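In this note's numbering, the protein residues as written are 11 to 146.
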């Protein structure tokens, strides 16, 4: 089965791309910027992991409470960064979670209403709304 020739518009785009200098191409510049950004991010993560390994090695060598505290105080900036990353991860998880509304605070209990109206129309309304009602 012979392959069809590419559409004339595609051929024209390829020809224009090949005639243009890479340094002038906006898409290539964007790719270069993304590459540099990701490379920097990778180097930061490698440095962070190296610092964590050094901290764990120092913590393993401690023999008493005072040595442990001294090791932790010596790496205060690293610990601050760890806790900041944890807070960011928790916030990201919360941002993507479905919203939970305490309807009883507003004098409205939607779940109880829908349970009381236990029919096909109520269930269809729940599914159409997109809201998660765990009891229905």
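Glycine included, each C-beta is placed from N, C-alpha and C at the ideal position.
Just so you know, these numbers come straight off a predicted model, no measurement behind them.
*Return the CA-CA distance between residue 31 and residue 45, expressed in angstroms with no decimal places.*
One-based indexing of the chain shown puts residue 31 at position 21. One-based indexing of the chain shown puts residue 45 at position 35. Taking the straight line from one Cα to the other gives about 19 Å.
*Near residue 78, which residues of its chain fall below 6 Å by C-beta distance, leaving aside the five closest residues on each side in sequence?*
In the chain shown, counting from the first residue as 1, residue 78 sits at position 68. Cβ neighbours of residue 78 beyond the five flanking positions: 72.
_If we require 4 or more residues per run, which alpha helix (DSSP H) segments fall completely within the stretch 17-76?_
18-29, 36-71
*Looking at the structure shown, is residue 95 part of a helix, part of a strand, or coil, going by DSSP?*
On the chain shown, position 85 is the one that residue 95 refers to. Residue state, collapsed to three classes: helix.
_By the three-class DSSP mapping on this structure, what secondary structure does residue 114 have?_
Taking the chain shown and counting its residues from 1, the one referred to as residue 114 is at position 104. Helix at residue 114.
*Hey, residue 65 and residue 81: beta-carbon distance below 9 Å or not?*
Stepping through the chain shown from its first residue, residue 65 is reached at position 55. Stepping through the chain shown from its first residue, residue 81 is reached at position 71. Going by C-beta atoms, residue 65 is nearer than 9 Å to residue 81.
*Should residue 58 and residue 91 be called a contact, given that it needs their Cβ atoms to be closer than 9 Å?*
In the chain shown, residue 58 corresponds to position 48, counting from 1. In the chain shown, residue 91 corresponds to position 81, counting from 1. Contact: yes.
*Taking the C-alpha atoms as reference points, what is the distance between residue 42 and residue 56?*
Here residue 42 corresponds to residue number 32 of the chain shown, with the count starting at 1. Here residue 56 corresponds to residue number 46 of the chain shown, with the count starting at 1. Residue 42 and residue 56: Cα-Cα distance of roughly 21 Å.
*Looking only at its own chain, which residues have a Cβ that is under 6 Å from the Cβ of residue 106, when we skip the five neighbours before and after it?*
The residue labelled residue 106 in the question sits at position 96 within the chain shown. If we look at residue 106 and ignore the five residues flanking it on each side, it has no Cβ neighbours.
*asked:* Using the three-state DSSP reduction, which class does residue 80 fall into: helix, strand or coil?
replied: Taking the first residue of the chain shown as position 1, residue 80 is located at position 70. It is helical.
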